[in-house]
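In what follows, a single structure is set out as structure tokens and then discussed.
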Amino acid sequence: MALRRPSGRSRPCGEAFQFRPAGGEAWHADSDWIGGDSQIGDLPETLEQKVNVPFNEQITTAMSGKFVPNANMIRAAENLVLAMAHEDLVRPIVVGYETEILARHQFRIARKYVDQGCADTVILDRKRTYMLEEADFAIYLKQCFEARDAAKLKVSAPDNCPLLESETTRMQAENLLLEAMADLPNLEAIGEAWLTLEARKRAIDLTLNMVAPFCADADAIIKRLMAA
């Protein structure tokens, strides 16, 4: 999860940049990348019904008190709760120092983008740092890492972004929850890789709501892990 500049052709200003993974993982925090090159859009009606109808039935059962998750489902949901709590803790710190570094340096957009018709402007949006000159991007990264270390944020490798790591951990926990819940009758569809971003979010929200009443809160989960 090291931060890298994207490679490949330059993109026109009006074309949204698609953050794709390097070595199987997204390189930029806040990426909406889920997997492969599938297009994000609405599910075909028949497939969407396979997701929505069982969900509605399972939610109704859960609300009536008949649904009892197994240990694997509870463990997956608790792991996701913990991952979400960690991401919520890390995000404002990382966004804060990234934004401050850009505001302080007033880096301008790389000349190649100006030559393509982009406005010669200052880059203040942390999600547009891919448009910086190579030298400016290197300064930006160096100071981000210094700010990360000063904030005592832990990472698994020196060139990694703590927010990116926390996002990846949360996405992995989401996958495990969907896989666990896919064991329920008629819910196999939610464990499939073809879920669009919107369908995936809906599946995660609904399944987490189903299992959450049986889970400990984040503080209790952390205490239990520390005692183990």
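The sequence shown: position 174 = 170 (this note's numbering), numbered continuously.
Ideal Cβ placement from N, Cα and C applies to all residues, glycine included.
Rounded straight-line distance, which links the Cα of residue j to that of residue i
i: Tyr93; j: Arg144; result: 8 Å
i: Gln102; j: Ala216; result: 44 Å
i: Arg87; j: Thr95; result: 12 Å
i: Val118; j: Glu175; result: 44 Å
i: Phe133; j: Val64; result: 51 Å
i: Arg100; j: Asp201; result: 38 Å
i: Pro154; j: Thr125; result: 20 Å
i: Ile186; j: Tyr109; result: 41 Å
i: Ile218; j: Glu184; result: 31 Å
i: Gly31; j: Lys62; result: Confidence at Gly31 is low in this model, with a pLDDT of 34, below 50, so its placement is unreliable and the value that follows should be read with caution. Gly31 and Lys62: Cα-Cα distance of roughly 35 Å.
i: Pro209; j: Ser152; result: 32 Å
Residue from the options whose Cα sits closest to the Cα of residue i
i: Lys123; options: Ile70, Leu159 and His82; result: Leu159
i: Cys211; options: Ala195, Arg196, Leu173 and Leu149; result: Leu173
i: Val225; options: Asn156, Leu204, Ile200 and Arg198; result: This structure cannot settle anything about residue 225, because the visible part of the chain is limited to -3 through 224.
i: Tyr167; options: His82, Lys150 and Asn66; result: Per the sequence shown, the amino acid found at residue 167 is Met instead of Tyr. Of the candidates His82, Lys150 and Asn66, the one whose C-alpha sits nearest the C-alpha of Met167 is His82.
i: Leu128; options: Met177, Ile105 and Arg198; result: Ile105
i: Leu85; options: Arg196, Lys150 and Pro209; result: Lys150
i: Arg71; options: Asn171, Arg198 and Arg196; result: Asn171
i: Arg196; options: Ile218, Met177 and Lys62; result: Met177
Burial state of residue i (16 or more Cβ within 10 Å)
i: Arg107; result: exposed
i: Glu130; result: exposed
i: Ser162; result: buried
i: Val207; result: buried
i: Asp33; result: For Asp33, the predicted model reports a pLDDT of 34, less than 50, meaning its position is unreliable and no value from the coordinates is stated.
i: Ala115; result: exposed
i: Ala147; result: exposed
i: Ala67; result: exposed
i: Gly19; result: Low per-residue confidence applies at Gly19: pLDDT is 31, beneath 50, and the placement is therefore not dependable enough to give any value.
Within-8 Å CB hit, residue i to chain D
i: Leu128; result: Here there is only one protein chain, and chain D is not present.
Own chain residues within Cβ distance below 6 Å of residue i, not counting five before or after
i: Ala169; result: Asn75, Leu76 and Ala79
i: Ala214; result: Val77, Leu78 and Ala81
i: Arg198; result: none
Cut-off 7 Å between Cβ atoms - residues of its own chain near residue i, not counting five sequence neighbours on either side
i: Gln35; result: The pLDDT assigned to Gln35 is 37, lower than 50, so where the model puts this residue is not dependable; a value taken from the coordinates is nonetheless given after this. There are no such residues.
i: Asp28; result: Here Asp28 scores only 39 on pLDDT, less than 50, and its place in the model is too uncertain to base an answer on.
i: Leu120; result: Leu98 and Ala99
i: Leu204; result: Ala73, Leu76 and Leu173
i: Met69; result: Ala176, Met177 and Val207
Contact set for residue i: own chain, Cβ-Cβ below 8 Å, skip 5 residues either direction
i: Ile97; result: Tyr136, Gln139, Cys140 and Ala143
i: Thr165; result: Ala79, His82 and Glu83
i: Arg220; result: Ala212
As an exercise, report each continuous alpha helix (DSSP H) stretch of at least 4 residues that is fully enclosed by the region 124 to 190, in chain order. 130 to 146 and 158 to 177
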